[in-house]
Amino acid sequence: MEENKTVELEKRPRVISVFSSKGGVGKTTTSTNIAYNLSQFGYKCLVIDFDPQNNASIALNVDYGQLGEIDDPIDGTPNIGSILFPYLVKGRTNTFSASHIAKVIQRPTYIVKEMQKDENGKVIFGKWGEEQKEFGFDILPAIGMDLSLCELSFTMDTAFINQHLPNSRALLASVVDIIKKRFDYDFIIIDCCPSLGILNMNALNASDYLIIPTSMDYFAINGVKQTISRLEDIKKFTPNFKIIGVLKQMFQSKRMVDTAISGILENDFDINDIGYIFETPIPDSIEARKSSIEGRLLSQKPKDKAAIAYRKVTQELLERIACLESEEE
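Mapping the sequence shown onto the UniProt record's numbering, position 245 (from 1) lands on 245, and the numbers just tick up by one.
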């Protein structure tokens, strides 16, 4: 399905991290809904769940029992952690291959309840059936414990990675490079954890662009300023990524505190700044909470105001990428 796409980009994979050092600002909601809308626009997308809380995997109803077997996984279940861990601890690279990665990638699905029909195609009232449908994009899932063990391995004196520290920031980039070369994705969306630790250093090193979501509270926008300041320092040795925009989340124009905080944010970052703000904020919506309970995505409710906003943000994202890349030519 392809709808509303007005921007044509050069055919090549692009990696976008959804990143914030603060939790609870809508990173996973942004990652999954942008991936959904990009797929609706006709792009082939992969979400990489790189957060030990594995919220993206939960939101997309990942069925770990459907994943193929992989050599030496931590707990028998393939995921992004089981790809990285053998190298971190033992220096083994056998999991860094397209064939192994393909066994971990899953096509997530959701359940739709529909009224059943008789043999003539007429609806049988009161009789319901369930149908499994695809979201339209792929996920490289996470298991929280496994990613936590990956992070913990950096504190182990005997771990292979601690004798090869120059490689420590490039592990995810190595996996992403394989995906870029061997899989046909237009966009790879990395759902990051709320920190500036070693996992996110890996995500930044693998990324072309960053989206920074923020909720409408003073501590969150103060965190945005601190995050962007630290990212500028990080760019000295991880120079490849560009901040493509700050995304206001859970915004209500009728709430005076939201408009006041939005004003502070807009004064701090104008359109020419590194962290300039997406024109469309994501409004607060009860449907976002209901969707997660239902195992669906907010953007699958196309009339909802927040779903409409995510479509606009996705379109704006494509326009910003096109603009930035035209400036590089």
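Beta carbons: idealized from backbone N, C-alpha and C, even for Gly.
Out of curiosity, what's the CA-to-CA distance linking I282 and H100?
In the sequence shown, the residue the question calls residue 282 occupies position 282. In the sequence shown, the residue the question calls residue 100 occupies position 100. Whole-angstrom Cα-Cα distance: 37 angstroms.
So what does DSSP say about P194, is it helix, strand or coil?
For this step, residue 194 is matched to residue 194 along the sequence shown. Coil, per DSSP.
Within its chain, find whatever has a CB closer than 6 angstroms to the CB of E69; leave out the 5 residues flanking it on each side and keep chain order.
Position 69 of the sequence shown holds residue 69. In this prediction, E69 has a pLDDT of 46, which is less than 50 and means its spatial position is unreliable; nothing more can be read from the coordinates.
Cα separation between Q315 and H164?
Working through the sequence shown from its first residue, we reach residue 315 at position 315. Working through the sequence shown from its first residue, we reach residue 164 at position 164. Whole-angstrom Cα-Cα distance: 41 angstroms.
For R320, collect the residues of the same chain with a Cβ closer than 8 angstroms to its Cβ; drop the 5 residues on either side in sequence, then sort them by chain order.
For the purposes of this step, residue 320 is taken as the residue at position 320 of the sequence shown. Closer than 8 angstroms at the Cβ level, and outside the excluded window around R320, lie I244, G245.
Under 9 angstroms, do A170 and D51 count as touching if we go by C-beta distance?
Sequence index remark: in the sequence shown, residue 170 carries index 170 (1-based). Sequence index remark: in the sequence shown, residue 51 carries index 51 (1-based). No. Outside cutoff.
Which residues in the same chain as V175 place their Cβ atom closer than 7 angstroms to its Cβ, once the five residues preceding and following it in sequence are excluded?
By 1-based counting over the sequence shown, the position of residue 175 is 175. Same-chain partners within the cutoff: I83, F96, I101.
Exposed or buried, which one is N120 when buried takes at least 16 other CB atoms within 10 Å?
For this step, residue 120 is matched to residue 120 along the sequence shown. Flag for N120 reads exposed.
Can you give, in chain order, each stretch of the beta strand (DSSP E) that sits fully within the segment 42-69 and has at least 3 residues?
Runs found: 45-50.
Rounded to a whole number of angstroms, what is the C-alpha to C-alpha distance between K11 and S326?
As a position in the sequence shown, residue 11 is number 11, starting the count at 1. As a position in the sequence shown, residue 326 is number 326, starting the count at 1. Cα to Cα, the separation comes out at about 14 angstroms.
Judging by CA-CA distance, which residue of A203, M145, F154 is the nearest neighbour of C192?
Residue numbering aside, residue 192 sits at position 192 when the sequence shown is read from its first letter. For C192, the nearest C-alpha among the options comes from A203.
Ends of the alpha helix (DSSP H) at D233?
Mapped onto the sequence shown, residue 233 falls at position 233. Run containing D233: 218-234, per the alpha helix (DSSP H) assignment.
Check for me: the alpha helix (DSSP H) holding K81 runs from which residue to which?
Along the sequence shown, one-based indexing puts residue 81 at 81. The sequence given here has Gly at residue 81, not Lys. Its alpha helix (DSSP H) spans residues 80-90.
Excluding sequence positions up to five away, which residues of its chain have a Cβ less than 8 angstroms from the Cβ of T280?
By 1-based counting over the sequence shown, the position of residue 280 is 280. Counting only Cβ-Cβ distances below 8 angstroms, and skipping sequence neighbours, we find A309, K312, V313, E316.
Spell out the partners DSSP gives P108 in its beta bridges.
Taking the sequence shown and counting its residues from 1, one reaches residue 108 at position 108. The partner list for P108 (beta bridge, DSSP) is empty, contrary to what the question assumes.
Between Y64 and T32, what straight-line distance do the alpha-carbon atoms span, to the nearest angstrom?
By 1-based counting over the sequence shown, the position of residue 64 is 64. By 1-based counting over the sequence shown, the position of residue 32 is 32. Answer to the nearest angstrom: the Cα atoms are 18 angstroms apart.
Keeping to the same chain, check which residues put their C-beta closer than 6 angstroms to that of I80; ignore five residues upstream and five downstream.
Working through the sequence shown from its first residue, we reach residue 80 at position 80. If we look at I80 and ignore the five residues flanking it on each side, its Cβ neighbours are L140, A142.
Do L60 and P108 have their C-beta atoms within less than 9 angstroms of each other?
Numbered from its first residue, the sequence shown carries residue 60 at position 60. Numbered from its first residue, the sequence shown carries residue 108 at position 108. Yes. Within cutoff.
Can you list, in chain order, the residues of its chain with a C-beta nearer than 7 angstroms to that of A56? Leave out the 5 residues immediately preceding and following it.
The residue you call residue 56 lines up with position 56 of the sequence shown. Contacts found: T28, S31, T32, V47, D49, I139, D191.
Tell whether a beta-carbon distance below 9 angstroms holds between R14 and D186.
On the sequence shown, residue 14 is found 14 positions in, with the first residue counted as 1. On the sequence shown, residue 186 is found 186 positions in, with the first residue counted as 1. A contact, by the Cβ cut-off of 9 angstroms.
Please name the residue or residues paired with D138 in a DSSP beta bridge.
Here residue 138 is taken as the residue at index 138 of the sequence shown, counted from 1. L46.
For S82, verify whether its CB is less than 8 angstroms away from any heavy atom of the ligand ATP.
With respect to the ligand ATP, the structure offers nothing, as it holds no ligand at all.
Could you tell me which of A220, F135, L88, S168 sits nearest to S299, measuring between CA atoms?
Against the sequence shown, residue 299 aligns to sequence position 299. Nearest option by C-alpha distance: F135.
May I ask which residues mark the beginning and end of the alpha helix (DSSP H) holding R289?
For the purposes of this step, residue 289 is taken as residue 289 along the sequence shown, with counting starting at 1. Element bounds for R289: 286-294.
Grab the span of the beta strand (DSSP E) containing V15 for me, first residue to last.
If you number the sequence shown from 1, residue 15 lands on position 15. Per DSSP, V15 belongs to the beta strand (DSSP E) from 14-18.
Does P73 pass the burial test, meaning 16 or more other C-beta atoms within 10 Å, or should it be called exposed?
Translated into positions along the sequence shown, residue 73 becomes position 73. Confidence in P73 is poor, its pLDDT being 47 and thus under 50, which makes the residue's placement unreliable; the coordinate value appears in the next sentence. Classification of P73: buried, given that the 10 Å Cβ count is 16 or more.
Quick check on DSSP: helix, strand or coil for K312?
Within the sequence shown, numbered from 1, the residue matching residue 312 stands at position 312. Helix.
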